[in-house]
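I have placed the structure first, in the form of structure tokens, so that the comments after it can refer back to it.
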Amino acid sequence: MALSSFPDDRLPTLVAPAPVPRLTVHTVDDPRRGEVEAFIGRVYARRFGARVTGFAPTLVCLRDPLSQQIVAAAGYRRAHQGTLFLQRYLDAPIGQLLAAHQNGAAVAPEGIFEVGHLAAERPGEGRRLIFLMAHHLAVEGASWVVSTLTEELRHLFVRLGVTPLALGRADAQALGNAASEWGSYYEHHPVVLAGQVQQALRLLERRQRSAGAAS
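The sequence shown begins at 11 in the numbering used here and counts up by one.
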């Protein structure tokens with residue numbers, strides 16, 4: 011091997027790739043879970059004037075690799091562990107609605123995951139969270155993901171190449187007096203949506219490859 015010689019001032023500069031946020035998981039007994047809850051609460055208060063008083067059993071977040079500050083977070087619960095929050099908006103059990111969209115084939119509750127509390131400081135971190143969380147949920151055994159998404163978040167998913175299945179409108183009246191804690195959230199036209207995890211992963215990965223090829 012022959013190495014060309016360069017004067018000191020002409021040495022090529024090697025730039026290390028910037029570190030990227032990684033997904034971390036926080037269960038109910040995790041000592042750092044409180045930070046994630048506080049982050050979600052701040053984002054919802056700032057965005058909607060909402061007061062979040064309950065959280066999903068499992069929270070996930072992305073932290074800035076340098077400052078370790080949280081930049082995006084969400085939560086999820088499994089249908090077989092109890093009634094999903096979004097069930098109150100629906101006219102039929104979630105499993106029954108999903109089965110109707112796959113030729114009547116039963117959907118095991120263990121494979122239905124409800125995702126909520128989606129919160130991000132910047133849109134780019136929200137997109138990264140969605141991609142990493144899809145992989146995480148697939149590993150955890152999710153076949154379907156259901157979520158209540160505002161109009162803005164629905165547009166984000168469409169830009170990512172994913173068009174979820176609409177199951178019904180999320181009506182504030184379903185919450186009774188508790189609706190007042192959500193500030194302006196219901197003015198953003200939330201809808202209950204569902205998506206098959208493996209199909210969404212394929213679409214997200216295709217989008218990521220297309221973005222990489224264009225850069």
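Cβ atoms here follow ideal geometry from the backbone N, Cα and C, with glycine treated the same way.
Inter-segment contact for the segment 91-108 and the segment 140-158 is present: three or more beta-carbon pairs are separated by less than 8 Å. Spanning the alpha carbons of Q206 and L175 requires a straight line of approximately 9 Å. Nearest neighbour of R87 by Cα position, chosen from G121, S77, L100 and P29, turns out to be G121. When only Cα atoms are considered, Y195 and Q218 end up about 30 Å apart.
Leaving aside the five residues that flank D74 on each side, the residues in its chain whose CB is nearer than 7 Å to its CB run, in chain order, P31 and V81. Closest in C-alpha terms to C71, from the list R61, M143 and A115, comes M143.
Around the beta carbon of L76, fewer than 16 other beta carbons sit within 10 angstroms, so the residue counts as exposed.
Restricted to the segment 19-80, the beta strand (DSSP E) segments that are unbroken, complete and at least 3 residues in length are 33-36 and 68-73, listed in chain order. By the Cβ-count criterion, E124 is buried, with 16 or more other Cβ atoms from all chains shown falling within 10 Å of its own Cβ.
Counting every other CB atom within 10 Å of its CB across the protein chains shown gives V149 a total below 16, marking it as exposed.
According to the DSSP assignment, E124 belongs to the beta strand (DSSP E) that extends over I122 to A130.
Under the 8 Å Cβ criterion, the segment 86-100 does not count as touching the segment 128-135, having fewer than three qualifying pairs. In the DSSP assignment, G136 falls within the unbroken alpha helix (DSSP H) covering P133 to V149.
The alpha carbon of A66 has as its nearest neighbour, out of R56, Q91 and G59, the alpha carbon of Q91.
Collapsing the DSSP output to three states places S190 in a helix. Contact check for L170 against A83 fails: the beta carbons are separated by 9 Å or more. Shown here for A180: same chain residues with a beta carbon closer than 8 Å to its own, the five before and five after excluded, namely L96, Y99, T158, Y196, P200, V201 and V202 in chain order. With fewer than 16 other beta carbons inside 10 angstroms of its own, T37 counts as exposed. For R179, the uninterrupted beta strand (DSSP E) run begins and ends at L175 to R179, by DSSP.
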